[in-house]
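Here is the structure we will look at.
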Amino acid sequence: MRVTINGEARDIAATRIDALLNELEYEGSHFAIALNFDVLPKSRWAETHLKAGDEIEIITPRQGG
Amino acid sequence: MVKFYDREFSSRLLIGTALYPSPKIMQDAIRASGSQIVTVSLRRESAGGKTGDAFWSLIRELDVTVLPNTAGCKTVREAVTTAKLARELFGTPWVKLEVIADNDTLQPDVVGLVEAATILIKDGFEVFPYCTDDLGVAMRLVDAGCKVVMPWAAPIGSAKGIVNRDGLRLLRDRLPDITLVVDAGLGAPSHAAQALELGYDAVLLNTAIAKADDPVAMANAFRLGVEAGRTAYQAGLMEARDFASPSTPVVGTPFWHAVS
Numbered sequence: 130m131r132v133t134i135n136g137e138a139r140d141i142a143a144t145r146i147d148a149l150l151n152e153l154e155y156e157g158s159h160f161a162i163a164l165n166f167d168v169l170p171k172s173r174w175a176e177t178h179l180k181a182g183d184e185i186e187i188i189t190p191r192q193g194g
Numbered sequence: 002m003v004k005f006y007d008r009e010f011s012s013r014l015l016i017g018t019a020l021y022p023s024p025k026i027m028q029d030a031i032r033a034s035g036s037q038i039v040t041v042s043l044r045r046e047s048a049g050g051k052t053g054d055a056f057w058s059l060i061r062e063l064d065v066t067v068l069p070n071t072a073g074c075k076t077v078r079e080a081v082t083t084a085k086l087a088r089e090l091f092g093t094p095w096v097k098l099e100v101i102a103d104n105d106t107l108q109p110d111v112v113g114l115v116e117a118a119t120i121l122i123k124d125g126f127e128v129f130p131y132c133t134d135d136l137g138v139a140m141r142l143v144d145a146g147c148k149v150v151m152p153w154a155a156p157i158g159s160a161k162g163i164v165n166r167d168g169l170r171l172l173r174d175r176l177p178d179i180t181l182v183v184d185a186g187l188g189a190p191s192h193a194a195q196a197l198e199l200g201y202d203a204v205l206l207n208t209a210i211a212k213a214d215d216p217v218a219m220a221n222a223f224r225l226g227v228e229a230g231r232t233a234y235q236a237g238l239m240e241a242r243d244f245a246s247p248s249t250p251v252v253g254t255p256f257w258h259a260v261s
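Protein sequence lines correspond, in order, to chains W and X.
Number 194 marks the last residue of the first sequence (my numbering); no jumps.
Number 261 marks the last residue of the second sequence (my numbering); no jumps.
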């Protein structure tokens with residue numbers, strides 16, 4: 130299934146957010162995720178199904194002014 | 002004490018976390034600044050990356066309050082979504098709201114800013130808007146529910162100091178009950194002192210400290226500049242005048258009548 134992750138088109142096997150993080154080998158603990166410009170709370174990662182064309186942003190804390 | 006929404010702080014210096022030569026120097030500079038509030042951003046994490054976790058553990062060691070920004074957002078939609086991501090990630094209703102109009106000057110898009118602030122405040126956010134020194138815009142932000150307004154001194158990272166002193170003074174006079182922070186463009190501790198002398202409640206800066214030859218020493222210098230400016234404001238500055246007025250008493254001047 131083809132989705133967009135952090136602005137890049139990717140073919141993925143996972144059908145849910147938590148599985149996607151595993152598939153892409155995200156290991157950190159401080160992520161926030163937006164699915165199609167809506168914030169997806171961590172409590173819903175396991176239950177949220179992905180579909181082709183979804184836009185996923187995976188975000189972490191970074192230096193800022 | 003300075004009030005940001007319903008929280009009070011003793012430090013009037015808010016500091017950024019970017020551009021330091023090393024993570025250790027960042028931590029030492031933040032400690033030397035005496036700041037209790039630091040700004041952070043949100044960025045995409047690449048697959049397998051741990052950059053965010055490493056940075057976040059450095060910040061947590063500092064025991065400071067985090068103010069997430071929406072730096073780099075160019076549309077209302079991006080800024081609102083980024084603010085919501087920040088709330089999810091940091092567990093805070095605070096957001097330094099930036100909507101940028103122009104890449105070269107980082108000039109705020111004040112129309113988008115007011116729109117985004119309105120949306121976010123209705124959603125329960127406590128918004129710290131980064132804006133220009135335009136009074137009309139500041140009033141619209143206050144109407145939208147902002148209790149903090151953060152006009153620039155000069156463009157971000159420019160180190161020019163206060164370009165429009167009269168504009169900033171007008172904001173202070175017209176918005177006496179709003180917490181006003183000079184954000185961006187400060188280059189020297191004297192610039193920070195000037196902002197506090199004008200009655201501004203605090204300053205927010207990053208580059209002037211992070212890019213100094215010795216960021217830790219410069220952080221201390223800014224801490225002192227902010228303290229000097231605040232103390233001077235409280236002490237009451239005299240008005241400027243056009244002519245000289247002798248400070249040494251004239252009565253009893255030797256040779257008074259000998260000089261013609």
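Note that CB positions come from ideal geometry on N, CA and C, so glycine has one too.
So is residue i in contact with chain X if we call contact Cβ pairs under 8 Å?
i      : result
W/N151 : no
W/S158 : yes
W/R191 : yes
W/A163 : yes
W/G182 : no
W/T176 : For the sequence presented, residue 176 of chain W should be read as Glu rather than Thr. Cβ-Cβ to chain X under 8 Å: no for W/E176.
W/V132 : no
W/I187 : yes
Determine whether the beta carbon atoms of residue i and residue j lie at a separation below 8 Å.
i      : j      : result
X/L172 : X/P156 : no
X/K97  : X/P69  : yes
X/E99  : X/T71  : yes
X/V262 : X/C147 : Residue 262 of chain X lies beyond the residue range present for chain X, which begins at 2 and ends at 261; the question has no answer from this structure.
X/Q28  : X/L63  : yes
X/G73  : X/I101 : yes
X/V217 : X/L197 : no
X/L43  : X/A87  : yes
X/V81  : X/L121 : yes
X/G186 : X/S159 : yes
Under 8 Å, Cβ to Cβ, is there at least one residue of chain W near residue i?
i      : result
X/K51  : yes
X/V149 : no
X/D124 : no
X/R13  : no
X/A72  : yes
X/W153 : no
X/T18  : yes
X/F5   : no
X/A48  : yes
X/R224 : no
X/D54  : yes
X/T133 : no
X/T76  : no
X/W57  : yes
X/T66  : no
X/T232 : no
X/T82  : yes
Count the other CB atoms, across all protein chains shown, that sit within 10 Å of the CB of residue i; report buried if there are 16 or more and exposed otherwise.
i      : result
W/T186 : Note that residue 186 of chain W is Glu in the sequence shown, not Thr. With 16 or more Cβ atoms within 10 Å of its Cβ, W/E186 is classed as buried.
X/K85  : buried
W/T189 : buried
W/Q192 : buried
X/V252 : exposed
X/F5   : buried
W/N151 : exposed
X/R175 : exposed
X/N207 : buried
X/M239 : exposed
W/G182 : exposed
X/W257 : exposed
X/T249 : exposed
X/E127 : buried
W/T144 : exposed
X/Q195 : buried
How is the alpha helix (DSSP H) around residue i delimited, first residue to last?
i      : result
X/Q195 : 190-198
X/F223 : 216-236
X/T106 : Per DSSP, X/T106 belongs to no alpha helix (DSSP H) and is neither H nor E.
W/D167 : It is not in any alpha helix (DSSP H) - W/D167 instead sits in the beta strand (DSSP E) that spans 167-169.
W/L164 : Note, W/L164: premise wrong, no alpha helix (DSSP H); beta strand (DSSP E) at 161-164.
X/G168 : 166-175
X/T82  : 77-91
X/E116 : 111-123
X/A211 : 208-211
X/F56  : 52-61
Quick one: give me the first and last residue of the beta strand (DSSP E) that residue i is part of.
i      : result
X/M140 : Where X/M140 is concerned, there is no enclosing beta strand (DSSP E), although the alpha helix (DSSP H) it sits in stretches over 136-145.
W/I188 : 184-192
X/K4   : 3-5
X/V183 : 180-184
X/P69  : 66-69
X/K97  : 95-98
X/M27  : Where X/M27 is concerned, there is no enclosing beta strand (DSSP E), although the alpha helix (DSSP H) it sits in stretches over 24-34.
Please list the residues of the region 199-219 of chain X that have a C-beta atom closer than 9 Å to any C-beta atom in chain W, keeping them in chain order. L205, L206, N207, T208, A211
Listed in chain order, which residues of the region 162-186 of chain X have Cβ atoms closer than 7 Å to some Cβ of chain W? none
Residues, ordered as in the chain, of the region 24-45 of chain X that lie near chain W by beta-carbon distance below 7 Å: T40, V41, S42, L43, R44, R45
Interfacial residues, the region 86-115 of chain X to chain W, with Cβ spacing under 9 Å: L86, A87, R88, E89, L90, F91, K97
Under 7 Å (Cβ pairs) to chain W, residues found in the region 137-148 of chain X: none
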